[in-house]
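Taking it in order: structure first as structure tokens, then the write-up.
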Amino acid sequence: MKTFIFTSILLLCICLPVHSETLDIQVMADFVPQDGGNPENEATTFLLAAAAELGDEISLHFIPASRLREWQQLRKMNNVCLYNKLKTPEREAHAVFSQYPLMAFPSNKLVVFNKPTIPDAITLLQAIYYYDLTIGVTKGRSYSEEIDKFVRLNDEHFFIALFPKSLNYLASL
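Heads up: the sequence shown begins at 52 in my numbering, then just goes up one per residue.
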């Protein structure tokens, strides 16, 4: 009889539907789908597809934030997610990184003023030494360890763009 009662209770526990609390994650990004926008990179598309697959188990809320604010929010809140971030020892002190990277950098665009003879494809070395270009880079963005090092070693050929999305700002230089 004890075996029957134990088995019955065990079966009831297995058969009863269990609903866990929805995991609420705030994603600091420059994309806000709840405002009707479309994802501009593969990482955002992947996150949205994963959330759709998980259904009610997860709730993603995208919050527009500057690169500086992203890291501030990560330190203040326990449910913040950042992506497209380079793993460094300093950042590992404040964040947990996934085993595999989830990155989708937009293509780097070279906007050239008054230099019509530049070919469609050039290297950074050619750009700064052969064509004597000055190149703007976005403050707070990593272009990869190799390119970041190149920029640091050749900083006289680069300027920090504080307004990365403003072509009017670039045109005014």
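Here a beta-carbon is modelled for each residue, glycine too, at the ideal position from N, C-alpha and C.
Quiz item: Taking the DSSP output, what are the residues bridged to S193?
Solution: According to DSSP, S193 bridges with nothing at all.
Quiz item: Taking C-alpha atoms, which residue in T73, E121, A178, I114 lies nearest to P106?
Solution: Residue 106 is actually Gly in this sequence, not Pro. When only C-alpha atoms are compared, the closest one is T73.
Practice problem: Please state whether DSSP places H145 in a helix, a strand or coil. | Solution: Residue state, collapsed to three classes: coil.
Quiz prompt | Cβ neighbours of I198 in the same chain (closer than 8 Å, five flanking residues each side left out) | solution = L175
Quiz item: How is the beta strand (DSSP E) around A80 delimited, first residue to last?
Solution: Its beta strand (DSSP E) spans residues 74–80.
Quiz item: Straight-line CA distance for N165 to L184?
Solution: 11 Å
Practice problem: Leaving aside the five residues before and after Q124 along the sequence, list all residues of the same chain whose C-beta is less than 7 Å from its C-beta, in chain order. | Solution: M79, A116, V131
Quiz item: Assuming F210 and V202 make a contact with CB atoms under 8 Å, what is their CB distance in whole Å?
Solution: Contact doesn't hold; Cβ gap of about 10 Å is too wide.
Quiz item: For F97, does the three-state DSSP call read helix, strand or coil?
Solution: The answer is helix: DSSP assigns F97 an H, G or I state.
Practice problem: Could you work out which residue in N205, H145, A172 is closest to M128 when comparing CA atoms only? | Solution: Sorting N205, H145, A172 by C-alpha distance to the C-alpha of M128 places H145 at the top.
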